[in-house]
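Take any residue in the sequence shown, note its place counting from 1, add 892, and you have its number in my numbering. Just so it is clear, CB atoms sit at the ideal spot from N, CA and C, and this is done for glycine as well. Keep in mind it's a predicted model, so treat the numbers as computed, not measured. Before any comments, here is the structure.
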Amino acid sequence: MPKDKKPPPPDNIILFPNVELINPQSRLIEVDGVVEIPDSITLEQFEEAFAKFIELNDWYFDGGIEDITNE
893 MPKDKKPPPP DNIILFPNVE LINPQSRLIE VDGVVEIPDS ITLEQFEEAF AKFIELNDWY
953 FDGGIEDITN E
């Protein structure tokens with residue numbers, strides 16, 4: 893693989909594309925909040941559902957997800 897080309901991320905990870913790849917016609921939305929889910933849903937299940945939502949809309953997400961229940 894040429895030096896200036898990066899390998900694609902694994903299928904299970906969604907990364908925001910390099911800045912030079914961002915479509916100038918796109919918008920960047922910052923999300924700062926909390927999602928309340930039933931106790932029966934695991935963090936992994938939520939992450940999977942969230943990733944599917946992002947992928948379904950052909951969007952990208954850069955950030956983290958953590959369980960803050962006990963904070």
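- DSSP, reduced to helix, strand and coil, places E922 outside both helices and strands of the structure shown, so it counts as coil.
- For a cut-off of 8 Å, the C-beta gap from I946 to F938 is around 13 Å, too long to register as a contact.
- In this chain, the alpha helix (DSSP H) harbouring F938 covers L935 to L948.
- Within the same chain, and ignoring the five residues on either side of E928 in sequence, no residue has its Cβ closer than 8 Å to its Cβ.
- Nearest C-alpha to E940 among Q917, I957, R919 and L920: I957.
- Measuring C-alpha to C-alpha distances from R919 to each of S932, P930, W951 and T961 identifies W951 as the nearest.
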